[in-house]
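Have a look at the structure below before the remarks.
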Amino acid sequence: MTDLATIVALALTLCILSFLYRENPFYRFAEYLLVGVSVGYSTVVICRNSIYPLVIERISSSGDILVLIPAALGLLMFARLKRSWSGLSRLPLALMIGFGAGVSIPAMLQARVLKQVSSSMQSLATLDGIVIVVGVISTMSYFYFSRKQEGLNGRLAKLGTYFLMVFFGATFGFTVMSRISLLIGRLEFILRDAFGLVS
Amino acid sequence: MRLLSLDRRIIYILVLLAVGVPLLFRVPLPVKVGVETRKVHSAIDNIPHGSYVMLSFDIEASSLPEVKPLAEATVRHCFQRDLRIIGLALFSEGAAIGYNLLVQVADEMGKVYGSDYIYLGFRPQYVSAILGMGESIEDVFPLDYLNNDWREYPGYASLGNYDDVALVISIADGSLPTYWVEYAGSRYNQKIAACLTAAMTTSYYPYTVSGQLVGMVSGLKGAAEYETMLGYSGGGHRGMLSQSSGHALIILLVIVANVAELRKRK
Chain A
26 MTDLATIVAL ALTLCILSFL YRENPFYRFA EYLLVGVSVG YSTVVICRNS
76 IYPLVIERIS SSGDILVLIP AALGLLMFAR LKRSWSGLSR LPLALMIGFG
126 AGVSIPAMLQ ARVLKQVSSS MQSLATLDGI VIVVGVISTM SYFYFSRKQE
176 GLNGRLAKLG TYFLMVFFGA TFGFTVMSRI SLLIGRLEFI LRDAFGLVS
Chain B
115 MRLLSLDRRI IYILVLLAVG VPLLFRVPLP VKVGVETRKV HSAIDNIPHG
165 SYVMLSFDIE ASSLPEVKPL AEATVRHCFQ RDLRIIGLAL FSEGAAIGYN
215 LLVQVADEMG KVYGSDYIYL GFRPQYVSAI LGMGESIEDV FPLDYLNNDW
265 REYPGYASLG NYDDVALVIS IADGSLPTYW VEYAGSRYNQ KIAACLTAAM
315 TTSYYPYTVS GQLVGMVSGL KGAAEYETML GYSGGGHRGM LSQSSGHALI
365 ILLVIVANVA ELRKRK
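Read top to bottom, the protein sequences are chains A and B. Position one of the first sequence corresponds to residue 26 (the working numbering), numbered consecutively onward. Position one of the second sequence corresponds to residue 115 (the working numbering), numbered consecutively onward.
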């Protein structure tokens with residue numbers, strides 16, 4: 026016999042799929058429910074899995090009152106809710122932005138720029154190497170706007186657009202694959218779990 | 115051209131039939147295993163028994179149908195190799211998904227919580243969490259998902275930081291593997307692999323070419339490839355016929371629409 030959770034999941038799936046016909050109140054109900062449940066769920070997980078072990082448990086088990094400092098800074102974020110207090114929320118925001126920039130700039134430079142540049146310097150003895158080197162140079166030429174794109178620069182930029190088209194095509198293909206997979210998952214749920222039509 | 119003004123709902127019905135009908139028939143399709151999948155498989159295969167492997171469930175519920183077969187295959191492989199899994203989540207929605215999946219596969223394979231696997235749960239601010247674990251996992255996760263002190267479990271007393279972790283596998287539907295590469299890979303030389311939704315694949319090829327990712331398994335096709343390597347048929351294989359017929363229909367629609375558009379221009 027189908028359990029209550031499966032019936033609810035089936036009903037909500039059909040509500041969402043009804044949007045394919047046209048916008049309707051059932052779809053909107055399921056959409057709002059999803060937003061509400063997601064926020065509620067995240068709040069519970071953060072309280073139970075982060076605030077409890079990192080603040081409450083530390084104070085109660087080891088008397089580590091230093092954790093009250095970051096906790097208080099976190100609470101200052103709520104000062105934005107009252108206009109006259111909202112300036113207080115700048116302190117934790119400034120800390121977060123300062124920490125974020127300080128930590129991420131060298132890491133991004135290392136992982137996304139330096140390492141990627143070095144890996145694009147391939148041996149031209151293999152076809153892969155030639156494609157990578159030509160692809161990188163021509164695509165970057167397309168995004169070089171300080172000089173008019175004509176002559177050699179124009180031809181390189183034109184070649185770069187073909188590499189970009191290949192990238193967009195591959196990304197589109199993979200995205201279609203991804204969306205079809207999601208549909209397979211839902212249909213499998215309807216056919217197998219809800220109606221027992223397949224084993 | 116009548117084709118160009120075709121009601122979109124007819125296309126939806128065609129896609130529904132192309133994807134849904136094959137699900138009623140279990141016709142196994144041959145699956146060719148790709149290079150990237152082989153890399154992840156051999157990376158796990160080469161880890162000595164008893165080593166720690168960290169599985170980060172960086173996913174949301176919306177991508178579950180695609181990611182679950184992938185995650186399941188990876189977890190099975192780790193358990194088959196007697197690796198000790200450290201599960202965690204850097205998205206709050208992934209917390210329960212990861213825990214349920216680990217428990218389900220562990221129960222099937224007779225693995226025990228505390229000696230074969232633990233689940234640390236969710237931690238917000240993923241950059242801080244990833245960086246913090248490089249110094250001490252205990253500082254970032256003092257308690258596990260069940261709010262127990264995980265250091266008391268027999269298999270995990272010696273776990274300190276990334277130095278003790280042989281491989282991190284980010285099971286993701288977004289950009290989290292990039293952060294693993296930036297903060298755990300670049301800074302702590304941690305080996306990282308990724309299990310991704312298909313839509314993310316092209317974004318991560320540069321990271322496999324540069325060696326920043328040891329490999330990646332992506333999409334339902336990747337799951338089917340991994341299942342083939344492990345010698346079982348799971349969610350990946352089940353979806354391959356539907357996936358293929360869905361793709362065939364989309365290709366047909368793209369061709370028909372382009373021909374119709376060209377004829378209209380003439």
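Ideal Cβ positions, reconstructed from N, Cα and C, are used throughout, including at glycine.
Would you give the residue range spanned by the alpha helix (DSSP H) that residue i belongs to?
| i | result |
| --- | --- |
| B/L260 | It is not in any alpha helix (DSSP H) - B/L260 carries neither H nor E in the DSSP assignment. |
| A/C72 | Run containing A/C72: none; DSSP gives neither H nor E here. |
| B/S250 | Run containing B/S250: none; DSSP gives neither H nor E here. |
| B/R198 | Here B/R198 belongs to no alpha helix (DSSP H); instead the beta strand (DSSP E) covers 198-203. |
| B/E266 | Run containing B/E266: none; DSSP gives neither H nor E here. |
| B/R214 | Residue identity differs from the one stated: residue 214 of chain B is Asn in this sequence, not Arg. Per DSSP, B/N214 belongs to the alpha helix (DSSP H) from 206-223. |
| A/L29 | 29-42 |
| B/V189 | 178-194 |
| B/R122 | 122-134 |
| B/P142 | Note, B/P142: premise wrong, no alpha helix (DSSP H); not H, not E. |
| A/Q147 | Note, A/Q147: premise wrong, no alpha helix (DSSP H); not H, not E. |
| B/L366 | 349-379 |
| B/S272 | From DSSP, B/S272 is part of no alpha helix (DSSP H); its letter is neither H nor E. |
| B/P320 | 315-323 |
| B/I161 | Looking at the DSSP string, B/I161 is not in any alpha helix (DSSP H), and its letter there is neither H nor E. |
| B/Y293 | 290-293 |
Excluding the 5 residues preceding and the 5 following residue i in the sequence, name in chain order all residues of the same chain whose CB lies nearer than 7 Å to its CB.
| i | result |
| --- | --- |
| A/S148 | G154 |
| A/V223 | L216, R217 |
| A/Q174 | A182 |
| B/N160 | none |
| B/D258 | I232, Y233, L234, G235, W264 |
| A/A96 | V80 |
| B/A175 | E207, I211 |
| B/A271 | R265 |
Ignore the nearest five residues each way along the sequence and tell me which others in residue i's own chain have a CB closer than 8 Å to its CB.
| i | result |
| --- | --- |
| A/T38 | R211, F214, I215 |
| A/I157 | S145, Q147 |
| A/P117 | L98, G99, L101, M102 |
| A/R137 | none |
| A/N178 | S166, Y169, R172 |
| B/R60 | No answer is possible for residue 60 of chain B: it lies beyond the span of chain B, which begins at 115 and ends at 380. |
| B/V370 | L117 |
| A/S111 | A104, R105 |
If you follow the beta strand (DSSP E) that residue i is part of, which residue opens it and which one closes it?
| i | result |
| --- | --- |
| B/D172 | 166-172 |
| B/M330 | 330-332 |
| B/I283 | 279-286 |
| B/L310 | 306-310 |
| B/Y231 | 231-236 |
Can the beta-carbon of residue i be found less than 8 Å from the beta-carbon of residue j?
| i | j | result |
| --- | --- | --- |
| B/P256 | A/R73 | no |
| B/L327 | B/A308 | yes |
| A/F124 | B/A313 | no |
| A/L35 | A/A219 | yes |
| B/L290 | A/S206 | no |
| A/A132 | B/Y297 | yes |
| B/D196 | B/H163 | yes |
| A/S143 | B/V241 | no |
| B/I173 | B/F205 | yes |
| B/G349 | B/E186 | yes |
| B/D230 | B/G274 | no |
| B/V295 | B/Y321 | yes |
| B/V133 | A/L208 | yes |
| B/H361 | A/V201 | yes |
| A/A195 | B/T316 | yes |
Contact check, residue i vs residue j under 8 Å by CB: the rounded distance?
| i | j | result |
| --- | --- | --- |
| B/R377 | A/L45 | The pair is not a contact, with the Cβ atoms about 28 Å apart (cut-off 8 Å). |
| B/G208 | B/L234 | Not quite, the Cβ-Cβ distance comes to about 12 Å (not below 8 Å), so this is no contact. |
| B/M354 | B/L143 | 5 Å |
| B/F193 | B/A220 | 7 Å |
| B/L118 | B/E339 | Actually they do not touch by this definition, with Cβ atoms about 38 Å apart. |
| B/Q385 | B/V279 | The question about residue 385 of chain B has no answer here: the residues shown for chain B are numbered 115 through 380. |
| B/L310 | B/A286 | 6 Å |
| B/V189 | B/L216 | 6 Å |
| A/S163 | B/E180 | About 33 Å separates the two Cβ atoms, so there is no contact after all. |
Within the same chain, show all residues whose beta-carbon is closer than 6 Å to that of residue i, passing over the 5 residues directly before and after it, in chain order.
| i | result |
| --- | --- |
| B/V154 | A307, G329, V331 |
| B/G212 | F171, G201, A203 |
| B/S165 | L197, A280 |
| B/L137 | S356 |
| A/N49 | S43 |
| B/L131 | none |
| A/F193 | none |
Does the Cβ of residue i lie closer than 7 Å to at least one heavy atom of the ligand MN?
| i | result |
| --- | --- |
| B/G274 | Ligands displayed in this structure: none; no statement on the ligand MN is therefore possible. |
Segments assigned alpha helix (DSSP H), at least 4 residues, entirely inside the region 176-220 of chain A:
176-213
Any chance you could list the alpha helix (DSSP H) runs of at least 4 consecutive residues sitting entirely within the region 47-121 of chain A, in chain order?
50-71, 82-87, 93-101
Short of 8 Å Cβ to Cβ, which residues in the region 57-89 of chain A face chain C?
Going by chain labels, chain C is absent from the structure shown, which instead holds the protein chains A and B.
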